[in-house]
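Asker: Chains as they are written, first to last, in the working numbering: chain A, 58 to 222; chain B, -5 to 185.
#1: Tell me which residues of the stretch 96 to 116 of chain A have at least one Cβ-Cβ distance to chain B shorter than 7 angstroms, keeping chain order.
#2: Once the 5 residues before and after residue 166 of chain B are set aside, which same chain residues still bring their CB inside 7 angstroms of it?
#3: Just by C-beta distance, which residues in the stretch 59 to 92 of chain B are closer than 8 angstroms to chain A?
#4: Answer with yes or no whether the minimum CB distance from residue 63 of chain A to chain B is below 7 angstroms.
#5: Please tell me whether residue 127 of chain B has its Cβ less than 7 angstroms away from any Cβ of chain A.
#6: Consult DSSP for residue 91 of chain A and reduce its assignment to one of helix, strand or coil.
#7: Give the single residue among B:24, B:147, B:175, B:161 whose Cα lies nearest to the Cα of residue 45 of chain B.
#8: In the DSSP assignment, find the unbroken beta strand (DSSP E) run with residue 162 of chain B in it and report its ends.
#9: Less than 8 angstroms between C-beta atoms, sequence neighbours within five positions excluded: which residues of the same chain meet that for residue 175 of chain B?
#10: Could you give the uninterrupted runs of the alpha helix (DSSP H) lying entirely in the stretch 80 to 143 of chain B, keeping only those of 4 residues or more?
#11: Nearest to residue 52 of chain B by alpha carbon, out of A:204, A:62, A:219?
#12: Name the residue from B:94, B:26, B:56 whose alpha carbon lies nearest to the alpha carbon of residue 42 of chain B.
#13: Would you please verify whether the beta carbon of residue 83 of chain A is less than 7 angstroms from any beta carbon of chain B?
#14: Please state the DSSP three-state secondary structure of residue 60 of chain B.
#15: Apart from the five residues on each side of it in sequence, which residues of its chain come closer than 7 angstroms, Cβ to Cβ, to residue 131 of chain B?
#16: Output, in chain order, the set of chain A residues within a Cβ distance shorter than 9 angstroms of residue 4 of chain B.
#17: If residue 152 of chain B sits next to residue 116 of chain B, beta carbons under 8 angstroms apart, how far is it from one beta carbon to the other, in whole angstroms?
#18: Contact criterion: CB-CB distance below 7 angstroms. Does residue 8 of chain B meet it with respect to chain A?
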């Protein structure tokens, strides 16, 4: 299957990649990570060799850039070993990605521990499958499922938010 | 509140945009203009919404998938086309990239077509002869129909020997319009 024109990837997935980065690294650094993500993607694109799951491919690059940033910040030298530290807690003040979720739900999601937050966003807002969630967070599929499950449980128990999709 | 930032400039500066494109309104309808680093590579009449996707897919498959909406590279051809439509330009100076032109007879036909002066016309048979095969006037018509750079490579200046307009990639109304701009046809004159 031929690769679609790169502009289509930007048009279709740009907002979600950005929303994921805002939730992962915070608003102030999201734009830089976003630019790095798309530069890396465009550089590698002609050699990709397949057109399957381009969204998962982009989110994986974005997650890698987010982890790179955390390493540079030296908050977590071994980011992958301890994502709880690698992904710092965000104040629940990120803007709602347009049309994806209600404001209440987004606020609650932003209040989750970082790994659960990333897993819930990937799985339920961006529609990634568990294999993609696992690859993106550099963890096992079982651990990815657990993070999503715990995240949803916490949303329900602490915020009374029922996932409606 | 802001969405994602516009990355066009950053991606251009990194030298990663193999094909830049823009969609422009013009007196002959919407045009897709695309350019490589070598020059203008495609002028395409957009008639339906799906046309743009298909045209970009073809470019992606045949040239490179690094295709981005990046209008800066198209500034010169856009300006020259505007001047042409306004009757203020007779020749195009913008560099061309013939990467989408089939080599062989098609290429020779289009190279001959590129030499037809503003305001003049030739027949399909003449252009076939100049391309090296005067009996291949039907093939010349096919070659002109595949012209990836209409207007700039002026296939609208090729007509039937009887004086009929022949065919045109953008439709005969547009061919008539272009020949009117060049003074070959007057406004009231039927074919």
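The beta-carbon is built from N, C-alpha and C at its ideal position, and this holds for glycine as well. None of the values given here were measured: they were computed from a predicted structure.
Answerer: This is what the structure holds:
#1: 96, 99, 100, 102, 103
#2: 159
#3: 59, 60, 61, 62, 63
#4: yes
#5: no
#6: helix
#7: B:24
#8: Where residue 162 of chain B is concerned, there is no enclosing beta strand (DSSP E), given that its DSSP letter is neither H nor E.
#9: 78, 79, 81
#10: 99 to 107, 118 to 124, 131 to 139
#11: A:62
#12: B:26
#13: no
#14: coil
#15: 118, 119, 122
#16: 92, 95, 96
#17: 6 angstroms
#18: yes
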